Every structure is written in C-alpha cells, then in structure tokens.
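See below for the structure under consideration.
There are 4 protein chains.
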Amino acid sequence: MEIVEFTPEREQYAWTFGGVAPIRTVQPGTVLKLWTEDAFSGRLQSASDKPSEKLDMREVNPQTGPFFVDGAEPGDTLALHFVDLEPARDWAASATIPFFGGLTATDRTAMLHEPLPELTWIYQLDREKQVVVFEALRGDFRVDLPVEPMLGTVGVAPAGREVRTSLVPDMFGGNMDTPEMKAGATCYLGVNVPGALFSVGDGHYRQGEGEACGTAVEGAMNVTLIVELIKGGAPVWPRIEQDENYVVVASSRPLEDAWRSSQHGMIGWLGELYGLDPLDAYQLLTQISQAPLANVVDANYSAVTKIAKRLLPTGEAYGGMHRYLREQAAKL
Amino acid sequence: MEIVEFTPEREQYAWTFGGVAPIRTVQPGTVLKLWTEDAFSGRLQSASDKPSEKLDMREVNPQTGPFFVDGAEPGDTLALHFVDLEPARDWAASATIPFFGGLTATDRTAMLHEPLPELTWIYQLDREKQVVVFEALRGDFRVDLPVEPMLGTVGVAPAGREVRTSLVPDMFGGNMDTPEMKAGATCYLGVNVPGALFSVGDGHYRQGEGEACGTAVEGAMNVTLIVELIKGGAPVWPRIEQDENYVVVASSRPLEDAWRSSQHGMIGWLGELYGLDPLDAYQLLTQISQAPLANVVDANYSAVTKIAKRLLPTGEAYGGMHRYLREQAAKL
Amino acid sequence: MEIVEFTPEREQYAWTFGGVAPIRTVQPGTVLKLWTEDAFSGRLQSASDKPSEKLDMREVNPQTGPFFVDGAEPGDTLALHFVDLEPARDWAASATIPFFGGLTATDRTAMLHEPLPELTWIYQLDREKQVVVFEALRGDFRVDLPVEPMLGTVGVAPAGREVRTSLVPDMFGGNMDTPEMKAGATCYLGVNVPGALFSVGDGHYRQGEGEACGTAVEGAMNVTLIVELIKGGAPVWPRIEQDENYVVVASSRPLEDAWRSSQHGMIGWLGELYGLDPLDAYQLLTQISQAPLANVVDANYSAVTKIAKRLLPTGEAYGGMHRYLREQAAKL
Amino acid sequence: MEIVEFTPEREQYAWTFGGVAPIRTVQPGTVLKLWTEDAFSGRLQSASDKPSEKLDMREVNPQTGPFFVDGAEPGDTLALHFVDLEPARDWAASATIPFFGGLTATDRTAMLHEPLPELTWIYQLDREKQVVVFEALRGDFRVDLPVEPMLGTVGVAPAGREVRTSLVPDMFGGNMDTPEMKAGATCYLGVNVPGALFSVGDGHYRQGEGEACGTAVEGAMNVTLIVELIKGGAPVWPRIEQDENYVVVASSRPLEDAWRSSQHGMIGWLGELYGLDPLDAYQLLTQISQAPLANVVDANYSAVTKIAKRLLPTGEAYGGMHRYLREQAAKL
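Residue numbers (the working numbering), protein chains in the order written: chain A, 1 to 332; chain B, 333 to 664; chain C, 665 to 996; chain D, 997 to 1328.
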C-alpha cells in the first residue's frame, strides 16, 4: 500500500466542500496519514478565550484536503476507511458561541433574547487513562470522560456546481457530527465531481449525540485512513459500515425530515443487501432501527439510522469492501 | 406489599388520559399485576386482516386503568416501577395503516398521494428462543428477532382540564413509544390531578427507535409494576431511571422541539442531582448525551435524552427511589 | 328569527372545548347576542400589571358557551355567521408573557435563555375615529391603528372523546387567531358530538398575521352571530366564507404541516365547488392562493389558505348558505 | 441614465449564485433591460412534454447575470428597482415534477409513495385582456387569471465563499418566489463579495402565495431595472420596498424559522426607521404585520413579513432611495 503523509500549513486549510483545488492526487488503495486542526482553528486555548473575540466565523472547521481520487467519476462511490484517530494534542476545547447551538436562539431560529453567556471549557487529555477531564466553570464538579475520538466533518464536493462551507452537512457528507464516524468505520459517499475531492476535519475527542451546545470536545487529530473507490453505486445519503452496524446519515430541516431521509436511505440499503421489498424493509426497520441523533445544531440537522448486523442474516455491502479494508488496515 | 391483580373487560378499556373514572384506588407501595390488550384492540389476527376494515380508529391503544393513587396531589411525582413485562400471547401484529406512519403522508403532513398499501405482518413468538419471527410478505426473507418487551403508553391525567386520546404523547406521558420503558425501569411522572389517574397499555414485544411505520410488534402484555408516590418534585417531562441510565422523554413537533425539551429536562435533572449550573450542565450533556429517538409517527413526536450513569459521579435521584423499588421488586 | 342574549357570569366561563355542559340549547336559525371576556380574563388593566403576577394561566381565553345546537350530529356542518363584532370596552391590552410568543423560547422550543421582559401595553379605543392607540413603552412613538375586530377563538367539542384547552387550535377550530374571523364571515365547522357544543371568545380589536408576541389587542367583545346547521358535509378543517373569499384554516406543527393541511383542504373544497380533479385543483391553487398566516405562537400554529372569489367562476358553497345568512343578517 | 440591454445566449446562462464570472460590469444608476428565460429553460412547451423527459434538473432556473456593480463592497446594500416586468412570450408553462412541490413527498420529506402524476399545463397569454388562461387537464374547467408578473429569483453571490444553485433562497436572496417582487418594487440585498454579482431570472406571469405545486405560471420575461448602491447598511435578509409596503423575506426550514427570521428582520427595520425599541417593535408588529407566504416548496421555504406604510408615520428607508428610484423610473 502506498502511504501518503500530509499536514497542511495554515494557508492550505480548505473552508469549503467544492471550490478548492486538490491538494494532492491519490490512487485508490492509498493510505493517508493526515493531521487535522480543530474546529476553532486552534484559537481557543484557555477558559478566558471568548469565542466572539478569538474566532473568525469565516475560518472555522478547517479541512485537510481536498484530495483528488484518481478515476473517481460522478455516480461512483468513494469509500473512506478510518484506520486510526489519534488526538494530536493533550488538550481540547469546547465553547458556547453567541447564537449558535441547540438550546439558544440562532440566526435561523431568530428570537429577541440576548445571547447566552460565552464560555470556554478546556479539557485536559490524560493519555494513560484515555480520558478527557470535564471541569465545571461555575462550581467544583469534575469528571473524567472516556476519550472516544471521531471526525465531525467528512465530505466530497457537492453536486449541482455548489460550494458549501465546511459547517454544513448535506448529501455530500460534510459537517455531520456523528459519533459513528470513528476508527474502524468505513464511510461511503456518492461522488459528484471528477476526483471526488474529499476532505476531512473537525476532530472530536468525544461528543454526545445531538451535540447540544454546538461544539464537542474539539481537538486536533491525527487521522489514518484508506481510500478506495467503487465504480457506480453512489448512495443518495452518506453511509457508514462498522463491524457491527450499518449506518445511514441524512441531514436536513426540520429534524423529522433528516430522520425520514435516513430511514428511507436504510430501506434502500436493505433492498440492496437482501432484495427486500420496500414495504417489507419498512416493516423490518420499524422493529430493529436504532436512531441516535448526530447533531441538532448545524445549518442542517443530522439524523442517524443504524442497524446492528447481528439482527440480520449475513449480508455483503459493496462486495465486501468494509471487510477488505479492515484486512488492509490490519496490515499497517 | 399489597398485590392487586386486574384484567379489564373489553368495556372497561380506557381510551383517553383524563376523562375516565378510576377503575381502582391503590395505595403507594402496591404491586399491580395487570393485563393489557394490544394497540389494535386484538383485531388484527392474520395477514389478511386489513386495518381499514378491522380497526375502529376511535378504539385503538386501549388502556388498563386509570388507577387512583391515594394521596397523590398536583405537583407530586408518581413513580411506576416496571418489574416484569411478559408477552400474554404467542403472536403479535404490525401493520401499515393508511395515512399513518413516518414515511407516508398523514392527516397532518397532508399530501396528494394515494395511501401506501395496507399490509399486516403477524409475528409468531417462540418463548423458548425468546424471539419473534419476521417474515417478509413479498419474498421469502425471514429472520428471528429477540423479544425485548416494552410498554408504548404510560401516562397520567393531563393538566389544564384536558382529556387526550391514548394515541398522544405529551407532558403527561401517554403514547411515548420508547424502548426505554422496559422491565427494570422506573418512570417518574408529574401528577396533575388528585389521584394521578395513571394507566398503561400498548405492549410491544419489540420496537425499533422511531417506530417508522407507526406500529411496533404489538401484543397483549402481562405487566407487573409497583406504584410509589413522591411528594412534590413533579418533573415537566416524563423521566425514566434504569440501573444504568437516566432518561428524559419529551414529545412535541417539530422533532427538534421534542429533542430540545428532552435536553432541557435533562439539564434540569443534572442540576438536581449534582448542583450543576445550567450552562455547565449544557456543556457536560453535549459531550455525554445519548439521543435515541422514540417515535416520529404519533400526534407528537417523542425524543429521548439518555445519560449512562457510569459516566457520572454517584448520584441519587428522588432519594434513591429507583434502588428502593428494585429491592422491593426483588422480593416478589 | 329567535334572538338569544347571553352574558356569562365569571363562574360560567368555559376553559375548554369539550368537557363542559351546555349553557344553552339553541335551534338552528337562532341569533345569538353574546358578550365575551378578553383573553386575559380582564386581569391586565394597566401597563404596570405584570402577566406573571396577574394571570392564572389555567384561566386564560375564557369562552362564552358552549351552546348545544338542536339536531347537530357528528358528521354535520355547523355554520356560524358573524353579524357584528363590537368592542365592549373602551380599552384593550396586549402583553409579553414569559416564555410565550413567536420570538421567544417557549415550553416547547425549550432554550436556556432568561425570559424576555414582561411588558403590558394598554390600547385606548377611540370609537369616533375607530382606532386603537399604540403607545411605545420605551420612547414616545405613538400611532393610531384602525379597529378591525375579530374573534381569536371559535370552536366545537373535539372528536375522539378529547377535551382541549381554549388555547389550542386544531381540527375542531379553537384558538385559530386568524383576522379572517370577522364580521360578515361564515365559519363552517365539522360537528363531532351531538349538539356540536360550540363556544366563542378571545376578541381582538385588531391583530396582525402571525400574532408575533402571542397576544393581540385583546378586548371584551359584543358578538352577534347566527347559528345554522347543514346536515352532513363536515369539513376536515374549519372553513370560512366571506363575500369575497373562500378560506381554510389548518393548525399543526411544524408550520409547513399547517400550511399543507390548509392547502389540501382548499383543494378538496375546489373539488366540491367545481368538480375539479385534485391535480387540476393543485395547479390552479398554486397560481391563485393567498396564504396569510394566522398565528405562529399557539400550541399549534395556524395557517390560512384563501382564494378570492373574483378569480373563480360563480360557485355555491353549502347550497348558498353564506348568501342566505347575509340576507338574514341584513334583516336584523 | 446609462441604459444597458442584454439578452443572454443559452451558453451564457448562470445556474448559481456565486461561482460565475460577471457577464457585465455596471455603474450604480444604470438601467438594465434584460431578457430572462423561464425556469424550465424553455423546455416545456406543450401539455405532452413530461418534466422527467424534457428537463435536466441541473439546468433549471437559468439566471441572467451576474452583474458586477462597480464600487460594491461587502457590507454595502444593493438596491434593485424593478421598473417593468413584461412577458416575453405569449404562453407560459407549469408542471408537477416528480417528488418536487408542497403536497408531495420530496427528496427531503422522504416517503415511500410513488410520485404524483407528471402533468404540464400550458397557459396562453391574452395581452389585450392581460390574462393567462387556466385550462383543466381533466375536465373542461377554464378560467382567465389576471397577469401579475413577478420575478421568482433575484440574488447576489453568497457569503462565506459559498456557491448556491439558483433553486435555493437564503440570506443572499435567490429563489424566494414571492409575488412581492414585482414592477414598482425596490429590492435591497446585502453585498457579500466585491461587485455584489447579482443576477435575476425565473419570471412568473403570476403565482399564488406558497407556490404549492412548486412551479408558477413560468414564462420568459423582459425585465427593466435600475441598479443602485448604498454604502453600508447591509440587511441580514432581503428587504423589498413598494410604494405602499415594507417587506422582509426570510428563507429557512422549518417554515416557522423562516417566519421568525422575517419578523426579526422587520423588527430591526422598524428600529432603523423609527428608533423603536425591539420590544415595542415586536408589540407593534404583532398588531400590524401581514404574513403572506412566498414558497413552501424550495430547498428553503420563504416567508414574508409585510407592513402597510399607511399604518405607520412617514418614514424614510435608506435615505429615500425607493422614492428616488421611482422618480428615475418615471423618466424612462
């Protein structure tokens, strides 16, 4: 396997999906060892750093990429297998940003309230215990939380000539913010433009489902992934395969539409896997679906539909691509 | 412990929360052994039974109850501990009902489509293997699914003089359809009227999160529960405590409002448990929340916020009520 | 025409649709001269009256009624023709109520903000100029606004054994808060229970579309209406006929569902009036619909679909009922 | 006044806001006489033309532009005054497109229904009577409808480096589909990039509010407009000024968020015009707002907040820009 290492300089960050020239061309089968900056572009470093003073909202969620995948054509399926996600710093940050988040008025859910207080929490990483430490700002509550690294943002260039900020999740992936995007997972994305032009970023040392305040435990991440290409078969919405689960992530508003789309996508996948009629798949899904929310805070909300493979007969998605990639990963 | 057994006659079913005279008065501490009919009132018995022909939509979700809890006053907290949920039949049913469900036009999400085909799936229960059997109607797909019994509908009489059908979930509980309502769980409900007037029903032999088609594996259920009363402390939204988790269930539309309310409710609970400031609780919840949807099909949608106790310092909700009820249950 | 006059005593107010014994039985064709209290139950009388101190939220939106209409059966259509709406006081009130309204966090759109300031505006009525006077509380802005009296709340007992507070709009009508409910209009409501059990209340001396802050220019009202009964023909959602317009009001969440239902209802009405195929009616409606919002603040949001009769061939709704009622009204 | 005439060649159409090189540079004060193709790119010409066969969904809503406005900088306000909208053909078209529209499942409101029938309606324009003729496809219903020309799509390049399809409405304007965008109106748009890069298109010979089926009476249009530039003052959401009204158009999902944003925008405008405190403006708006929906069918829904100037003291928006442009227009 070819291994490509890449750490972007600050001026090389991508801020959008689409609209950026590729930083590298890679062949299917390549292993990428990437460094990604945190969602705050590294600008929140202490509890006294106020988001409104330190952040430039045009420069959040910096992406590492985009990569041009040789041979990828519209209608193809890009497979990104995450071999390893390793915190690249010993600390991470989270914050309440004015008029951003799930339990606050926003620029869309416009209200007449003053913004909530701006606060920044710094989490220290204890690599030995594999925990990050939550410390209350108002009181002496303190608790260790297991590190569970994930990537908030994984996507390709959008369809329809569009260019979208890296804050948005949609059919092209993007800022889905789902804890399912973790080491051991394979993400399948429909290709919209030649070369796919994928990028990754927004590492979270951990995140709850829904990402209530809008920012997870945000930290720079070392990302090892394998790129593969499947001709044809582009799914409408991003899919994730793990050893134990099939996952579909859809992003829209209101939240029920995101959920509907993710369920619809899974009904389609069940049809591909088992030849199930849509109504039978609808019925089966009704009884076995998990539905852990991803985020209810971004420009689109992201809902997850997830099925445990143990509840299903043996199936083979994309010709066994996930198993193959797990085997490749084991060789590294 | 006093043990009260009750199996309603068909004419004793309650179809609403509120508006029905109590069927029994019970003392706090009482064990209830109840039988509940399925959501279809037992009318769907074979794959040839069409919902539109067999069902009377004014008589679905029959409730067993209501029970008048001696001493319960508005502002108090009713605790219902589910000791055991045992399928009362060897089969269960699910169906697509015209213009009802998550991936169909409905009376609210009004569209010009014809209804989806009406289909009924009968699930056989294998008590030895503890599975129900899904059999596709269109093809020969067949799979065993573990029985995971739960109650779709648990509630008290609403506030504000209202009477609501047993199809609706809201602050009073009702048709929340969450898989969290299972044996071993304690449900806390705010009391709105003297005696609380709670009832239960809508047994599911299993259900996925979201309940996509609108009906789970619906079956009659034998329910063993213990009733307790906590003076004061009424939560805004129903809470559930399990050995491993704290859970808040909120129901509204659009789905993001249900999620917001359940997160808001959990922030309040974290404040009660640990004296956390709301913004600190918001931050902590952002990193540890689970958010498994309950239903996206009923008159209100129900969203769940769930926290694993193992992530938190030891806490004691309602003076240790759940632990006490677990001990009581162990004596039965 | 029989004329019945009725002014409720305070203890006779109804607070719900359904669940209340009729205050009078009336024959179809009866003229009712009613007095209705304002939505605040008359408790906000000066700019220093704080809603949180003066209001009991269980006693807002008092209704005058319910009236049992002799001969009304489920499936019938109740026609209420508003002959005259006359302010019954020389002042009216509006207010920002904590966590109630369109541009604030609410009990459903739960957030972590403090409530907006509680403010009360008193409007003086100038009967000669037929205006109410808006005076800014913070500054010296002042403007006369034309009086345009309407009723916020008109409804019948709900279906499905339900009892709903007078704050809720739904298929039974209720707190729709649409400026279309004015003198000269005929409201058609589907009958759900014997006698229909209708009531009216919540007079507004004027209101904008959407009712942003949640309370209009709220004032006691003298209401003259004629009751008529049409056998059968119950519409799903409330309809209003004016000399110039056909109107359908639907109430749901999210707001697009309210809009969808009102459009769907109008497509049905166009089918009744002109025998139009649903897809042709959908197309025609697309080009001629008005869609002035009613309220985006109540427990359900209300959307209006409205068509100017001048754009359509002559039609006759309900056998010319509106024209007949206009003629009857002219005789008073 | 300099007058620039421009009719794009087919290969000159723009399909996005942003991401396209300017077709012309114009000075503030310039009069533009433009031709715009219809939303179907002229491909639906008879009732037998099926959208799924004739349309390329990547090539709908062709834009005439973009124009680089000399001197326009981010934060400035672009004023576009529509002097005249004149149908450029003697016919127009409307259609039901599979899974597109307000009363159908869509790619976002994903369901399991088959698509609604694909139908195309051709409207003949009678210039003398100034009507278009609706003819039912299923039956012999036929009615003349007044021509009320408007532009569905008016916008500038988006902020945040984005490029959006011409099907989307958002803060940059775009496919707002409001009947308020008619001759005599001045549209104010915040400038996001040097030169503003505005374009126009999507002429409608008439359209109802909400645009239920997703397509209005779509026709090629001759557009005469005057471009002006105001330094600074960029509004968050597009504003429209007419002789009689102030209008704010906001676009989001769910629809209540679009409405909230448009109301919030108007409260800001009232503050600019009269120095009103936000809470006083909220109160005043509650009593005088009109809220005619624009579209509930596009990628974002668009809601309108509108105030009749006659209800307000004399005000002057943007230093009297609208009046000035009306005077300029009168000289043409």
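Here a beta-carbon is modelled for each residue, glycine too, at the ideal position from N, C-alpha and C. Since we're looking at a predicted model, the values are computed, not measured.
Residues near residue i in its chain [Cβ-Cβ closer than 8 Å; skip 5 each side]
{"i": "D/Thr1102", "result": "Phe1095 and Phe1096"}
{"i": "B/Leu387", "result": "Phe372, Ser373, Arg375, Leu376 and Ile429"}
{"i": "B/Leu657", "result": "Ala411, His413, Thr518, Ile558 and Glu560"}
Contacts that residue i makes with chain D (C-beta to C-beta distance below 7 Å)
{"i": "C/Ile952", "result": "Leu1141 and Gly1204"}
{"i": "A/Ser261", "result": "Arg1104 and Ala1106"}
Partners in chain B for residue i, counting only beta-carbon separations shorter than 7 Å
{"i": "C/Met665", "result": "Chain B residues near C/Met665: none, gap ~34 Å exceeds 7 Å."}
Of the listed residues the options, nearest to residue i (C-alpha basis)
{"i": "C/Lys846", "options": "C/Ser830, C/Glu920 and C/Asp866", "result": "C/Asp866"}
{"i": "C/Phe798", "options": "D/Leu1289, D/Lys1327, D/Tyr1278 and D/Ala1295", "result": "D/Tyr1278"}
{"i": "D/Gln1120", "options": "D/Ala1084, D/Gly1015 and D/Pro1047", "result": "D/Ala1084"}
{"i": "B/Val525", "options": "B/Glu541, B/Val532, B/Gly516 and B/Phe504", "result": "B/Phe504"}
{"i": "D/Arg1123", "options": "D/Phe1002, D/Leu1141, D/Lys1029 and D/Thr1211", "result": "D/Leu1141"}
{"i": "B/Pro383", "options": "B/Pro447, B/Gly542, B/Gly564 and B/Glu337", "result": "B/Pro447"}
{"i": "D/Asp1294", "options": "D/Glu1207, D/Gly1264 and D/Glu1323", "result": "D/Glu1207"}
{"i": "A/Ser90", "options": "A/Val131, A/Met57, A/Val304 and A/Ser261", "result": "Reading the sequence as shown, one finds Asp at residue 90 of chain A and not Ser. Per the Cα distances, A/Val131."}
{"i": "B/Gln395", "options": "B/Tyr345, B/Ile355 and B/Ser380", "result": "B/Tyr345"}
{"i": "C/Val747", "options": "C/Leu949, C/Ala860 and C/Gly848", "result": "C/Gly848"}
{"i": "B/Val628", "options": "A/Glu53, A/Ser262 and A/Tyr246", "result": "A/Ser262"}
{"i": "C/Arg722", "options": "C/Thr680, C/Lys970, C/Met985 and C/Thr950", "result": "C/Thr680"}
{"i": "D/Ala1313", "options": "D/Asp1136, D/Tyr1270 and D/Glu1114", "result": "D/Tyr1270"}
{"i": "D/Trp1265", "options": "D/Asp1166, D/Leu1280 and D/Asp1253", "result": "D/Leu1280"}
{"i": "A/Gly18", "options": "A/Pro117, A/Pro28, A/Asp170 and A/Asn245", "result": "A/Asp170"}
{"i": "B/Thr339", "options": "B/Arg470, B/Phe399, B/Pro360 and B/Gly506", "result": "B/Phe399"}
{"i": "D/Trp1255", "options": "C/Val684, C/Thr689, C/Gly766 and C/Ala736", "result": "C/Gly766"}
{"i": "A/Pro333", "options": "A/Glu37, A/Ile307, A/Pro278 and A/Val154", "result": "Past the boundaries of the shown model lies residue 333 of chain A; chain A is included only from 1 to 332, so the question cannot be answered."}
Distance cut-off 7 Å: residue i Cβ against heavy atoms of the ligand NAP
{"i": "B/Leu483", "result": "As presented, the structure is devoid of all ligands, the ligand NAP included, so that no description of it is given."}
Contacts that residue i makes with chain C (C-beta to C-beta distance below 8 Å)
{"i": "B/Thr497", "result": "Gly824, Arg825 and Glu826"}
{"i": "A/Thr215", "result": "Those do not exist, as A/Thr215 stays about 15 Å from chain C at its closest Cβ, beyond 8 Å."}
{"i": "D/Asp1276", "result": "Ala800, Leu801, Arg802, Gly803 and Phe805"}
Contact set between residue i and chain D, taken where Cβ atoms lie within less than 8 Å
{"i": "A/Ser252", "result": "Arg1104 and Arg1249"}
{"i": "C/Trp785", "result": "Gln1279"}
{"i": "C/Ser758", "result": "Gln1279, Thr1282 and Gln1283"}
Where residue i meets chain B, residues with beta-carbon distance less than 8 Å
{"i": "C/Gly765", "result": "Ordered by position in chain B, no residue passes the 8 Å Cβ test against C/Gly765, which lies about 15 Å from the chain."}
{"i": "C/Arg990", "result": "Result: empty, since nearest Cβ-Cβ is about 31 Å, beyond 8 Å."}
Any chain E beta carbon closer than 8 Å to residue i
{"i": "D/Ala1101", "result": "Note that chain E does not occur in the displayed structure, where the protein chains are A, B, C and D."}
Cβ-based neighbour list, residue i, same chain, cut-off 6 Å, excluding 5 preceding and 5 following
{"i": "B/Thr409", "result": "Tyr520, Ile562, Gly565 and Ala566"}
{"i": "D/Gln1324", "result": "Ile1222"}
Cβ neighbours of residue i in the same chain (closer than 7 Å, five flanking residues each side left out)
{"i": "C/Ile786", "result": "Ser710, Ala711, Trp755 and Ala757"}
{"i": "B/Gly397", "result": "Ala346, Ile355, Phe530, Ser531 and Val532"}
{"i": "A/Ile3", "result": "Val31 and Lys33"}
{"i": "C/Ile952", "result": "Ile971 and Leu975"}
Contact set between residue i and chain A, taken where Cβ atoms lie within less than 7 Å
{"i": "B/Val336", "result": "The contacting residues do not exist; B/Val336 stays about 32 Å from chain A at best."}
Under 9 Å by beta carbon: chain C residues contacting residue i
{"i": "B/Thr348", "result": "Gly824, Arg825, Glu826 and Val827"}
Neighbouring residues, chain A, relative to residue i (Cβ below 8 Å)
{"i": "C/Leu940", "result": "Ordered by position in chain A, no residue passes the 8 Å Cβ test against C/Leu940, which lies about 30 Å from the chain."}
Given 8 Å as the limit, is there contact between the region 567–581 of chain B and the region 514–523 of chain B, that is, 3 or more CB pairs closer than that?
yes
Any contact between the region 553–567 of chain B and the region 435–451 of chain B? By contact I mean 3 or more CB pairs, one from each, below 8 Å.
no
Which ranges would you report for the alpha helix (DSSP H) in the region 1225–1272 of chain D if only whole runs of at least 4 residues count?
1251–1270
Considering only residues of the region 1117–1150 of chain D, which uninterrupted beta strand (DSSP E) runs meet the minimum length of 3 residues and lie entirely inside it, listed in chain order?
1127–1131 and 1138–1142
Three or more beta-carbon pairs under 8 Å between the region 140–160 of chain A and the region 201–217 of chain A, yes or no?
yes
Just checking, does the region 157–166 of chain A make contact with the region 1150–1160 of chain D on the three C-beta pairs under 8 Å criterion?
yes
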